[in-house]
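Quick note: the sequence shown uses full-length UniProt numbering, first residue 1, plus one each step. Just so you know, even glycine gets a beta-carbon here, dropped at the ideal spot from N, CA and C. One structure is given here, and the rest of the page talks about it.
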Amino acid sequence: MLLHHYRFQPDESLFDVAAFCTELEGERSPIAPFKQALREIQERLDERFRAGADIRDLVHGRAWCLDRLLEIAWSRHAWPDSGVALLAVGGYGRGELHPYSDVDLLLLLEEDDDAPYREPLTDFITFLWDIGLEIGHSVRSLNDCEREARADVTVITNLLETRTLAGGEHLRDAMRERLRTDRLWPADAFFEAKWQEQIARHYRYNNSEYHLEPNIKSSPGGLRDIQMIGWVAKRQFGELRYEEVVDNGFMNDAELRILSQGQAFLWQVRYALHMLTGRAEDRLLFDHQRTIATLFGYRDIPGRLAVEQFMKRYYRHVTALAGLNDMLLQHFDEVILRADEVLETRPLNDRFEVKGGYIQARDERIFRYRPAAMLELFLLMAQHPEIEGVRASTIRLIRDHRHLMDDLYRDDVRHQSLFMELLRSSGNVARQLRRMNRYGVLGKYLPEFGQAVGLMQHDLFHSYTVDAHTLGLLKFVQRFREPRCREEFPVAAALVHQLPKLELLWIAGLYHDIGKGRGGDHSLLGARDAEEFCERHGLSPRDTRLVSWLVKHHLLMSKTSQKRDITDPDVIREFATQMRDEVHLDYLYVLTVADINATNPTLWNGWRASLLRQLHAETKRALRRGLENPLDRDDWVRETREEARSLLANVGIDPTRFERLWESLGEDYFVQYAPSEIVWQTQGILDHDGSDLPLILISAPTEDMTEGGTKVFIHTRSVDDLFAATAAAMEQLGLSIHDARIATSSSDWTLNTFIVLDEDGQPIRDRERLETMRRHLVEELDDPDDYPQIVTRHTPRQLKHFKVPTRVVIEQDPANERTMLELTAPDRPGLLARVGRIFMEQGIALSAAKIATLGEKVEDVFFITDRNGAPITDAERQQRLRERLVEVLDV
Numbered sequence: 001m002l003l004h005h006y007r008f009q010p011d012e013s014l015f016d017v018a019a020f021c022t023e024l025e026g027e028r029s030p031i032a033p034f035k036q037a038l039r040e041i042q043e044r045l046d047e048r049f050r051a052g053a054d055i056r057d058l059v060h061g062r063a064w065c066l067d068r069l070l071e072i073a074w075s076r077h078a079w080p081d082s083g084v085a086l087l088a089v090g091g092y093g094r095g096e097l098h099p100y101s102d103v104d105l106l107l108l109l110e111e112d113d114d115a116p117y118r119e120p121l122t123d124f125i126t127f128l129w130d131i132g133l134e135i136g137h138s139v140r141s142l143n144d145c146e147r148e149a150r151a152d153v154t155v156i157t158n159l160l161e162t163r164t165l166a167g168g169e170h171l172r173d174a175m176r177e178r179l180r181t182d183r184l185w186p187a188d189a190f191f192e193a194k195w196q197e198q199i200a201r202h203y204r205y206n207n208s209e210y211h212l213e214p215n216i217k218s219s220p221g222g223l224r225d226i227q228m229i230g231w232v233a234k235r236q237f238g239e240l241r242y243e244e245v246v247d248n249g250f251m252n253d254a255e256l257r258i259l260s261q262g263q264a265f266l267w268q269v270r271y272a273l274h275m276l277t278g279r280a281e282d283r284l285l286f287d288h289q290r291t292i293a294t295l296f297g298y299r300d301i302p303g304r305l306a307v308e309q310f311m312k313r314y315y316r317h318v319t320a321l322a323g324l325n326d327m328l329l330q331h332f333d334e335v336i337l338r339a340d341e342v343l344e345t346r347p348l349n350d351r352f353e354v355k356g357g358y359i360q361a362r363d364e365r366i367f368r369y370r371p372a373a374m375l376e377l378f379l380l381m382a383q384h385p386e387i388e389g390v391r392a393s394t395i396r397l398i399r400d401h402r403h404l405m406d407d408l409y410r411d412d413v414r415h416q417s418l419f420m421e422l423l424r425s426s427g428n429v430a431r432q433l434r435r436m437n438r439y440g441v442l443g444k445y446l447p448e449f450g451q452a453v454g455l456m457q458h459d460l461f462h463s464y465t466v467d468a469h470t471l472g473l474l475k476f477v478q479r480f481r482e483p484r485c486r487e488e489f490p491v492a493a494a495l496v497h498q499l500p501k502l503e504l505l506w507i508a509g510l511y512h513d514i515g516k517g518r519g520g521d522h523s524l525l526g527a528r529d530a531e532e533f534c535e536r537h538g539l540s541p542r543d544t545r546l547v548s549w550l551v552k553h554h555l556l557m558s559k560t561s562q563k564r565d566i567t568d569p570d571v572i573r574e575f576a577t578q579m580r581d582e583v584h585l586d587y588l589y590v591l592t593v594a595d596i597n598a599t600n601p602t603l604w605n606g607w608r609a610s611l612l613r614q615l616h617a618e619t620k621r622a623l624r625r626g627l628e629n630p631l632d633r634d635d636w637v638r639e640t641r642e643e644a645r646s647l648l649a650n651v652g653i654d655p656t657r658f659e660r661l662w663e664s665l666g667e668d669y670f671v672q673y674a675p676s677e678i679v680w681q682t683q684g685i686l687d688h689d690g691s692d693l694p695l696i697l698i699s700a701p702t703e704d705m706t707e708g709g710t711k712v713f714i715h716t717r718s719v720d721d722l723f724a725a726t727a728a729a730m731e732q733l734g735l736s737i738h739d740a741r742i743a744t745s746s747s748d749w750t751l752n753t754f755i756v757l758d759e760d761g762q763p764i765r766d767r768e769r770l771e772t773m774r775r776h777l778v779e780e781l782d783d784p785d786d787y788p789q790i791v792t793r794h795t796p797r798q799l800k801h802f803k804v805p806t807r808v809v810i811e812q813d814p815a816n817e818r819t820m821l822e823l824t825a826p827d828r829p830g831l832l833a834r835v836g837r838i839f840m841e842q843g844i845a846l847s848a849a850k851i852a853t854l855g856e857k858v859e860d861v862f863f864i865t866d867r868n869g870a871p872i873t874d875a876e877r878q879q880r881l882r883e884r885l886v887e888v889l890d891v
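Below is the structure:
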């Protein structure tokens, strides 16, 4: 592979060939000395790695040592003539070997008939296995090589990178002659095949270099992307030296430096992975990230874990490499392969034109003489959606001139006006901001955003780095503007077109997480940064206050919907007061939905969607009614009862029957449930009257509903361990509880409602499974004292890696005469059943619960009382409850 000003120098101190040969002369069997040599070579390499040696010397040094051992092994076998040669291929052919990389070998035959070589070849391969070498080998004649290379691009790729280890060099020369571009796989066909291969590989990794557990070889920006550049260059230009790479215009010196530095870093990581795992491991799993961070000398500092610092360096390297890979391959296609094609050229203005669908600068000096053009280019692309992208030559000019974006540049009102014009354009703003980030412009123009590039958060909740998440949020905002999203995000899709100034949402999205990694509350830090941005860019005080407020409160709606009882009129009134008006509410709703979807693909589900939709609707209702004229709790109960009564009368239910039932339920029941739910439950209870078995009602969303969860209503005699038994039974069914409303009638019957989703976070609609759920719950809850066994499935590997301390916060909820317990704990199978069991042991009654799983931890809120319905106010009792929860869950 191409290296920047590097030449490997053989190091006899790694392996003394003469001493080894002398040792072999006195041995009856060579296997033990070869094994010992391999072990000692690796020990010396590992020692040097830990001491900080140049990784290139180690990777090439191991290949050099293996060369010598294979030469010696080859010489100890009897070969009938010079018609066979031993070649290193693939990575080993490039002279690169990590501790557990396969040693890829080609045994090349001059003729098709392998009979004269069959016995020595078998003996040689067996010997290599016996001494412990992990080899990948093939035996091919020259004709085989030509035939297979013609049919498969991966074969010719392998054969491009070969070295003769033993035997005649004339065989390799003959093979290379047969593989010439004028004979098979010309450069353009080779490039197209490899390009499609890379597209497919990137697709497997969601076209993102920002994976929580990336594959350092195959993920975008990984070692394969570097190798791709080398393969294309080698197929076009043949064997290359450093000076020739630059001289022939394929890349410049700065780009080769990025390539070489990125490769050296990824080699360090790969070497460490192999050394630590004892195998050819290319996945940078959570299990290894902390260990490697420590090995590389990173230490925890206030506000930043060592592993986060290490991974930020990783993401910055792979982002640079992925961008360089894109630019160089596009440049190769445009300037080298298609140089003779005549493309339609259309001028846009004095500075830019569109050539073959791609925008390019009309003068390569334009950014030097008019730096504002670096922003103008992205504005033009937003204004002209037919432009497919940026010509590679112009991308290179941007990369070469982005350093001009200094404080004077950022303070220039002309540049500020261009950036705001981009945000106000009707085009795909999110796409242009992503391009700006890809080309390193966004972090230059907004240095505070530049600090967030590559910044990861070491947990399972945040799937992406801060910059990738932020740009993902903006992408969702753009999606809401498109007709195809009206079905999936009906409320957000409607609201995004009603917002008075969409640019305010773009700014709030850019800044909502920008304060992370600095220590302190990122919402407050980001709000200050957003305020400074707005003032610098000439926004009105009113717009500035709105943007700053959105950044400061961007988590408020999500937390309220997931942790508060949004059926409580007091909660709605409090939230509406914080919103101030419908404009703030609508902006925050769209920002919240985009934020959740861009945080983690598994977070957005029907239940979260329905919670946010309900909170938005109820708050809008409260705002329209007027904050000075809130809906009274008694009015809420009366209106709900009247509507439910009317619905029941319409289906012919005798009022005396349901009125007698309702008398035992209490007013809270009519606050917690909508009239339609009350009708459903009331009919079920009346129809079930006289049966000794628990009543289990299950309501699934209809097929055309995209939001909501499956509701499970349980009506049975109230017993202390009912919640714990229910949670255990549901976990046995593979269900996750997301909401629980626990109520007991005056006649000591439960009215418990659970919202459940399946393992994939989706509501259950299949009738057969719904009936299985119902039968299982009836069986298990018929006698709750016969407590179902708590689920004992293995905790997933990723969860085991994170040590989340159990935290219990107990506060009073005087308005509802109950206590609120907020529990943060490590997620695991059976957790909710264990919590329910502890409540039973401690004499705790549960009235409601809000369940939220956020990556590797749960953040659950339980509304509790004692068994007499009184709040838990005794400090000692609260402490016993805390200690018991920590004791059971913090293991």
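*Assuming LEU473 contacts ALA594 under a Cβ cut-off of 8 Å, what Cβ separation, rounded to an integer in Å, is found between them?*
5 Å
_Beta-ladder partner(s) of VAL712, from DSSP_ = ILE698 and PHE754
*Name, in chain order, the residues that DSSP records as bridge partners for MET405.*
Per DSSP, none; premise fails for MET405.
*Can you name the residues that DSSP bridges to SER736?*
LEU757
_Rounded C-alpha distance that separates ARG877 from GLU859_ = 22 Å
*asked:* Using the three-state DSSP reduction, which class does ILE507 fall into: helix, strand or coil?
replied: helix
*asked:* Comparing C-alpha positions only, which one of ILE229, PRO814 and ASP782 sits nearest to TYR726?
replied: Here residue 726 is Thr; the residue named in the question, Tyr, does not match the sequence. Per the Cα distances, ASP782.
*Assign ALA233 to one of three DSSP states: helix, strand, or coil.*
helix
_Would the segment 62 to 72 count as touching the segment 11 to 24 if we require 3 or more Cβ pairs under 8 Å?_
yes
_Bounding residues of the beta strand (DSSP E) (the contiguous stretch that carries ILE387)_ = Neither: ILE387 is in no beta strand (DSSP E) and is coded neither H nor E.
*Quick one: give me the first and last residue of the alpha helix (DSSP H) that ASP813 is part of.*
Where ASP813 is concerned, there is no enclosing alpha helix (DSSP H), although the beta strand (DSSP E) it sits in stretches over 807 to 813.
*asked:* Tell me the rounded alpha-carbon separation between SER208 and ALA740.
replied: C-alpha separation (whole angstroms): 37 Å.
_Cβ pair count under 8 Å reaching 3, the segment 489 to 503 against the segment 448 to 458_ = Taking a cut-off of 8 Å on C-beta distances, the segment 489 to 503 does not touch the segment 448 to 458, as fewer than three cross pairs fall below it.
*Under 8 Å Cβ to Cβ from LEU695, same chain only, skipping five residues before and after it: list those, please.*
GLY684, ILE685, HIS688, PHE713, ILE714, HIS715 and THR716
_At the level of alpha carbons, what is the spacing between ARG178 and VAL269?_
Cα-Cα distance, rounded: 37 Å.
*asked:* What would DSSP say about GLU859, mapped onto helix, strand or coil?
replied: strand
*How would you label GLU110, buried or exposed, when you count the other beta carbons within 10 angstroms and need 16 or more for buried?*
buried
*What are the boundary residues of the alpha helix (DSSP H) that GLN36 is part of?*
Its alpha helix (DSSP H) spans residues 31 to 50.
*Quick one: Cα of LEU546 to Cα of LEU524, how far?*
14 Å
*Is LEU623 near LEU588, with beta carbons less than 8 Å apart?*
no
*Classify THR706 as helix, strand or coil using the three-state DSSP reduction.*
In this predicted model, THR706 has a pLDDT of only 48, less than 50, meaning its place in the structure is not dependable; the value taken from the coordinates is given anyway. In the structure shown, the three-state DSSP call for THR706 is coil.
*asked:* Please identify the residue among LEU321, GLU25 and ARG645 whose C-alpha is closest to the C-alpha of PRO655.
replied: ARG645
_What does the alpha-carbon distance come out to for the pair ARG657 and TRP636?_
23 Å
*What is the rounded straight-line gap between the Cα of THR795 and the Cα of TRP680?*
Unreliable positioning characterises THR795 in this predicted model, as indicated by a pLDDT of 46, which lies under 50. The coordinate reading is nonetheless provided below. About 38 Å.
*Would you say GLU359 and ARG391 are within 8 Å of each other, going by their C-beta atoms?*
Note that residue 359 is Ile in the sequence shown here, rather than Glu. Contact flag set, yes.
_Under DSSP, the beta strand (DSSP E) around PRO490 begins and ends at which residues?_
Counting along the chain, PRO490 falls outside any beta strand (DSSP E), though it belongs to the alpha helix (DSSP H) covering 490 to 495.
*Output the boundary residues of the alpha helix (DSSP H) element that contains VAL547.*
541 to 552
*How many angstroms separate the CA atom of ASP786 from the CA atom of PHE723?*
13 Å
*Are the segment 526 to 543 and the segment 572 to 587 touching by the rule of at least three beta carbon pairs closer than 8 Å?*
no
*asked:* On the DSSP bridge list, what partners appear for ARG741?
replied: THR753 and ALA848
*Is it true that the CB of LEU171 sits closer than 8 Å to the CB of ALA85?*
yes
*What are the residues that DSSP puts in a beta bridge with LEU86?*
LEU107 and ALA166
*GLU344 versus ILE156: straight-line alpha-carbon distance, rounded*: 35 Å
_If the criterion is Cβ atoms closer than 8 Å, does the pair VAL590 and VAL466 meet it?_
no
*Would you check if the distance between the CB atom of ASN605 and the CB atom of LEU504 is smaller than 8 Å?*
no
*Between the beta-carbon of PRO220 and the beta-carbon of ALA78, is there less than 8 Å?*
no
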